[in-house]
Structures are given as structure tokens and as C-alpha cells.
Amino acid sequence: MSPRALDPAIRRAVTEAAIRVLGTEGRSALTTRRLAREANTSTTAVYTYFGSMDDVHRHVRRQAIGALLAALDVVGITDDPVADLARAAAVQVDQGHLHPAMYRIMFVDQPPDDTADPAAAVFERFADLVERCIRAGRFRPDEPHHAAMWAGEVWTVGHGAVLSALTGLLSHEHGRAMHEDMLFRLCVGFGDDRNTAHASIESAAAQR
Numbered sequence: 003m004s005p006r007a008l009d010p011a012i013r014r015a016v017t018e019a020a021i022r023v024l025g026t027e028g029r030s031a032l033t034t035r036r037l038a039r040e041a042n043t044s045t046t047a048v049y050t051y052f053g054s055m056d057d058v059h060r061h062v063r064r065q066a067i068g069a070l071l072a073a074l075d076v077v078g079i080t081d082d083p084v085a086d087l088a089r090a091a092a093v094q095v096d097q098g099h100l101h102p103a104m105y106r107i108m109f110v111d112q113p114p115d116d117t118a119d120p121a122a123a124v125f126e127r128f129a130d131l132v133e134r135c136i137r138a139g140r141f142r143p144d145e146p147h148h149a150a151m152w153a154g155e156v157w158t159v160g161h162g163a164v165l166s167a168l169t170g171l172l173s174h175e176h177g178r179a180m181h182e183d184m185l186f187r188l189c190v191g192f193g194d195d196r197n198t199a200h201a202s203i204e205s206a207a208a209q210r
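Taking the working numbering, the leading residue of the sequence shown gets 3, the next gets one more, and so forth.
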């Protein structure tokens with residue numbers, strides 16, 4: 003007798019339940035019994051599709067990061083690399099607002115990983131955009147630079163804006179305004195002309 007085929011609907015239900023639990027209550031609330039109850043299935047089924055709660059957490063995080071990368075892909079490349087960077091940074095902030103549970107899973111309550119961190123692909127996107135700004139002469143390092151460090155600073159500014167909104171310290175609108183201002187000041191600090199940087203940030207903001 004052949005084994006019963008796995009049902010993708012059950013895997014999807016368990017995944018959606020994990021997103022709800024992780025995104026609202028965090029890793030400590032993620033248990034087999036809780037997932038089985040939320041997904042209307044059995045604990046055996048949970049272990050059939052996922053070997054452990056860490057496996058569930060990693061699976062959900064990979065899905066969330068894949069969705070963020072897909073949103074960044076839509077940004078595209080223009081002849082204004084600073085505006086491109088600003089649009090990518092805006093995607094990070096807007097995704098945090100639109101999908102707070104997924105953002106928390108990606109960048110706040112992370113699972114233990116025994117392989118390369120999938121979020122590295124997000125930072126690579128930002129580093130590539132920073133490098134374009136340098137090659138175009140918009141950012142002008144006055145010493146040996148690391149694009150990854152500048153990219154990390156851009157990402158950190160967005161992360162702060164997201165968390166300020168998610169925790170209720172700022173409204174999303176105020177968080178967006180603060181993010182745009184901080185990003186402008188970062189770009190000027192990286193060597194961009196103030197007027198040109200302002201125009202690029204404004205251009206990106208108009209397309210949100």
C-alpha cells in the first residue's frame with residue numbers, strides 16, 4: 003500500500019497559523035498543539051509537514067523574505083540611483099506597515115538558522131543600490147568604504163521607522179516623514195549634493 007500523498011492545503015493552513023501566532027505573540031507561543039488547534043488539524047499532521055517548531059519558523063521567515071524581495075524587484079532601475087535607493091527603502095517601511103506580522107518574523111523574532119541567513123539577500127539588494135550611487139558619483143567616500151556598511155545604515159533607519167510605528171510611538175504617516183528626512187540626511191552624509199538628494203528623495207516619495 004502506497005503512502006498517502008501530502009495535502010498542500012494542510013501545509014498552507016499550518017503556515018498561515020504560524021504567521022498569526024509568530025506575528026502577534028512571538029516564538030514562545032509557537033507550539034505543536036497551538037498550531038494544530040489554529041490550523042484545525044492534528045499534532046501528528048504538524049510534525050508530518052514540519053519536523054519541528056524551528057522548521058516552521060524558518061519556513062515562514064523564508065516565505066516572508068521572499069515576498070519582500072519580490073516587492074523590491076518591482077522597484078526597478080532608473081538613471082537616478084539615489085531615487086532607486088529611496089524607493090527600495092520605502093518598500094521596506096511600507097511592507098512593515100502593510101504586513102506587520104511578516105515584518106516581525108523577518109527582522110524582530112528570528113528563528114535559529116543552521117544555514118546562511120536568507121535575509122542576507124535583502125542587504126545585498128541595498129548594498130548593490132549603494133554601489134550604484136557611488137559609481138554614479140552621487141555618494142563620494144573619502145576613505146576606503148564598505149557599501150554593505152552604508153547599506154546597513156540605510157536599512158537601520160527604515161527599521162527604526164517601522165518599529166516606531168508598530169509600537170505606537172509614531173503614526174505610520176509620521177514614521178514615513180521621519181524616514182524620508184533621515185534618508186535625505188544619510189545621502190548628504192554619504193556625499194550627495196543637498197539639492198540633488200532632496201529632489202531624488204522627493205521623486206521617490208511621489209511614487210509611493
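Cβ atoms here follow ideal geometry from the backbone N, Cα and C, with glycine treated the same way.
Predicted, not measured: the structure shown is a model, and the values here were computed from it.
In the three-state reduction of the DSSP assignment, Q209 falls in the coil class, being assigned neither a helical nor a strand state. A103 and V76 have their C-alpha atoms spaced approximately 22 Å apart. Under the three-state reduction of DSSP output, P83 falls in the helix class. Annotated as distal: L168 and D111, with beta-carbon spacing of 9 Å or more. DSSP places H176 in the helix class (H, G or I) of the three-state scheme.
Within the same chain, D86 come within 7 Å of I79 by CB-CB distance, once the 5 residues on both sides are set aside.
At the C-beta level, H101 and A121 stay beyond 9 Å of one another. Of all alpha-carbon atoms in L74, V84, H148, the one lying nearest the alpha-carbon of V190 is that of V84.
Here P10 carries a helix assignment [DSSP, helix/strand/coil].
Out of R14, F192, I136, the CA that lies nearest to the CA of F52 is found in R14.
Nearest to R127 by C-alpha distance, out of E204, W157, R137, is W157.
Annotation: T46 to L172 spans about 43 Å, alpha carbon to alpha carbon. The DSSP-derived three-state label of E126 is helix.
It is roughly 46 Å from the alpha-carbon of W152 to the alpha-carbon of T43. Residue environment: S54 is assigned as exposed (fewer than 16 neighbouring CB atoms within 10 Å of its CB, all protein chains considered). Annotation for D57: the continuous alpha helix (DSSP H) segment containing it runs 55-75. D82 is classed as buried because its beta carbon has at least 16 other beta carbons within 10 Å across all chains shown. Across the set D9, A41, L71, the C-alpha of A41 shows the shortest separation from the C-alpha of A20.
DSSP, read as helix, strand or coil, puts S166 in helix.
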